[in-house]
Amino acid sequence: MKKKIVIINSIVVFVMLILVFGLGVLVTKNNNLENANTQVKTLTKVYSNYYKADTNIVVSEQDIRVTIIDKNGVVLFDNVNDFSKMENHLEREEIISALSGENKTIIRNSETLNKELLYYAEKVEIDGDYVFVRVAVPIQTINSYITKSIPLMLCFLFIIFGAEALISIVLNTLALKPLGFVKNGLQSLNNGNYKPIQLTKKDRELNELFTQINEIGEKLSDTINTLNDERDKLNYILNHITNGVIVIGENGEVVLANDNALKIFNITSQIVGKSYVSITDSKLVLDNIQKALQENSSLIFDFESIDRNYVATFKNIEKGFYILILADVTDSRKNEAMRSEFFANASHELKTPLTALRGFNDLALLGEKDETIKSYLMQMDKDIKRVLVLIDDMLKLSKLEHTKAENIVSVDMLEVANEVIEELKPKIVQKGLDISICGSGKLKANKDDVFILQKNLIENAVHYTEQGGKIEISIKTENGKKVFTVKDTGIGIDSAHQTRIFERFYRVEKSRSRQTGGTGLGLSIVKHIAERYNASISLESKIGVGTTISVFFNK
Ligand code: ADP
């Protein structure tokens, strides 16, 4: 800035000096020309008078040329040249002007002398006749004067220019000094250790400006400090939450990643600002992020990294940002696996002695005559049977959790529904229920899975529909999905329970469920089978009106 000002100042002064110098030269040149004019005219007068008195002219000054020309143009005298050899001069401009009486000076290159001369002639009357007296002064004299003055002028010009440049530097340094204070103040603000600008004692206007800058600086410094505190707090919280958090911008660049996220993906280098593809090598994670970004949708998926299990939730959090939350589920998955292993083992261990117990009970029942003991034994048989059903359901659930669907075949859903109805016929008849079935459809699945699913739903409809009620079973294809629906006119389920009835052992009325031989696991088994086939379940129910449960299979 300072340099620029000095350079511009210097250029301006230099140009001005050149102009002044040029003007000076022009004025001097004009002055000198004017002087030469006067000189040549005066000399012409002097030599005219001289000639009138004495025709033998003597010219003492070397620079001056005097020529006498007669009325016919013949040169009578010339102090510089051999006039006898000189050509006729009647056509010379100065002679023509002298003849006409409008004398004027003429600048011309003298062919005889080969230099620029200023000519002037006068008509001089002598004894009734006349001649022309012409005087010429070399112009070079004037130009050489100018040429001589150039070095001096140049010297003068450079001294002035140098002095100006020096003054300019000093003045600029002084003028720009306050800017240096402002610069230091702003720099300290930028570095986070804001120091106000020191006020000067001399300049009131500058002090006003500094005070205003200081006020703005203080406000900015406060704001920056508050923002930094907030950012630190946020970083502290982010880095101390157990989940990994990565925020991705709409162009796929990483905006933020907390410590846990870096640990999960074993990231050691700077990741913020880079594309999300540099987060991990896991194709599963990258494909899922790409898909969610393309579809602008949310996603939940499981993945493994460094021998640990994670559930990743990818969500659009508006304003063009997406958040990837990584929850470590390794321990809970282990506990869950242990729990369900225990569940399966305990069921197995219980089933054998209970089956034996039932056998012994049957034997005891056969030989027993006493009616009271017989009734106890019959109650015992009923309870053992119920526990065995419960154990069967528990084993079914455990199997569903730990195995994948096998023996996938094309299952005719209508055929399976008819088999279920056949099995449940005694109860249906006993309750006088009006059961109907419509539609048909095939499903690629394990036949046992389809049977268990349909049985649990139809059996519930039978259990929870009062005497003489109606059950409608329908099988149809809707929006490319196979839909199996059981609709009853039973007791219905209160909305408060509707979200929970798919949980294990959750029963709205325990006593009623027990009476019907329910285990509280039926709908939980239905949910697990549906999950196995990526099917979704819908439930509509109203107390006293009835319940409709549908399962939507993708294929
Ligand atoms: P349960 O063996 O007790 O029937 P489920 O898991 O099959 O167990 O059902 C859970 C609970 O949901 C039942 O105890 C019952 O209260 C309620 N429920 C299920 N189906 C129906 C239905 N069709 N109508 C009314 N209530 C039902």
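Be aware that the sequence shown starts at 102, since it is given in this note's numbering, and climbs by one per residue.
The beta carbon of each residue, even a glycine, is placed where N, CA and C say it ideally should be.
Next item on the list: May I ask you to report which of helix, strand or coil DSSP gives residue 191?
Entry: coil
Check: Skipping 5 residues on each side, what residues in its chain have a beta carbon closer than 8 angstroms to that of residue 208?
Finding: 217, 218, 219, 220, 240
Next item on the list: Go ahead and label residue 642 buried or exposed: buried means 16 or more other beta carbons lie within 10 angstroms of its beta carbon, across all protein chains shown.
Entry: buried
Next item on the list: State the start and end residues of the unbroken alpha helix (DSSP H) segment that holds residue 297.
Entry: Neither: residue 297 is in no alpha helix (DSSP H) and is coded neither H nor E.
Check: Just how far apart, CA to CA, sit residue 587 and residue 518?
Finding: 10 angstroms
Check: What residues sit near the ligand ADP, counting only those whose C-beta is closer than 5 angstroms to one of its heavy atoms, in chain order?
Finding: 561, 562, 565, 591, 594, 602, 608, 609, 614, 619, 620, 621, 623, 624, 648
Next item on the list: Following the continuous beta strand (DSSP E) through residue 545, name the residue where it begins and the one where it ends.
Entry: 543–546
Notebook entry, point to check: Okay, do the region 275–288 and the region 303–317 touch, 3+ Cβ pairs below 8 angstroms being the bar?
Noted result: yes
Check: Would you say residue 387 and residue 393 are within 8 angstroms of each other, going by their C-beta atoms?
Finding: no
Next item on the list: Take residue 426 as the anchor and find which of 554, 361, 276 has the nearest alpha-carbon.
Entry: 361
Item checked: Coil, strand or helix - residue 394 by DSSP -> helix
Next item on the list: Could you tell me whether the region 254–263 touches the region 288–301, using the rule of 3 or more Cβ pairs below 8 angstroms?
Entry: no
Checklist line | residue 149 to residue 184 span [Cα, whole Å] | finding: 18 angstroms
Next item on the list: Measure how close the beta-carbons of residue 463 and residue 482 come, nearest whole angstrom, since I'm counting them as under 8 angstroms.
Entry: 7 angstroms
Notebook entry, point to check: CA-CA distance, residue 64 and residue 599?
Noted result: Because the chain here runs from 102 to 656, residue 64 falls outside it and cannot be looked at.
Notebook entry, point to check: With contact counted as at least three CB pairs below 8 angstroms, one residue from each stretch, are the region 634–648 and the region 594–610 in contact?
Noted result: yes
Check: Just the Cα atoms here: how many angstroms apart are residue 108 and residue 372?
Finding: 47 angstroms
Next item on the list: Pull up the distance between the alpha-carbon of residue 583 and that of residue 550, whole angstroms please.
Entry: 15 angstroms
Item checked: Rounded separation between residue 552 and residue 339 - CA only -> 49 angstroms
Item checked: Expected contact under 8 angstroms - CB spacing of residue 611 and residue 563 to nearest Å -> The Cβ separation is near 19 angstroms, so there is no contact.
Next item on the list: With DSSP as the reference, label residue 413 as helix, strand or coil.
Entry: strand
Check: What are the residues that DSSP puts in a beta bridge with residue 654?
Finding: 583
Checklist line | residue 117 versus residue 134: straight-line alpha-carbon distance, rounded | finding: 25 angstroms
Next item on the list: Determine the closest residue to residue 617 out of 408, 343, 532, with distance taken between C-alpha atoms.
Entry: 532
Check: Could you give the uninterrupted runs of the alpha helix (DSSP H) lying entirely in the region 622–649, keeping only those of 4 residues or more?
Finding: 623–633
Next item on the list: Can you grab the Cα-Cα spacing for the pair residue 145 / residue 234, in whole Å?
Entry: 7 angstroms
Checklist line | Cβ separation of residue 172 and residue 231, assumed to be a contact under 8 angstroms, to the nearest whole Å | finding: 6 angstroms
Notebook entry, point to check: Would you call residue 423 buried or exposed, if buried means 16 or more other Cβ atoms sit within 10 Å of its Cβ?
Noted result: buried
Checklist line | residue 182 (DSSP reduced to helix, strand or coil) | finding: coil
Next item on the list: Identify which residue in 157, 326, 429 has its Cα closest to the Cα of residue 295.
Entry: 326
Notebook entry, point to check: Buried or exposed: residue 555, going by 16 or more other Cβ atoms within 10 Å of its Cβ?
Noted result: buried
Notebook entry, point to check: What is the DSSP secondary structure of residue 263, counted as helix, strand or coil?
Noted result: helix
Item checked: Beta-carbon separation (whole angstroms), residue 542 vs residue 578, contact threshold 8 angstroms -> 6 angstroms
Margin query: Could you tell me the alpha carbon to alpha carbon distance between residue 448 and residue 495, rounded to whole angstroms?
Written below: 7 angstroms
Check: Sorted by chain position, which residues of the same chain lie with C-beta nearer than 6 angstroms to residue 452's C-beta, five sequence neighbours on each side aside?
Finding: 492
Next item on the list: Given a cut-off of 8 angstroms, decide if residue 545 and residue 575 are closer than it, judged by their beta-carbon atoms.
Entry: no
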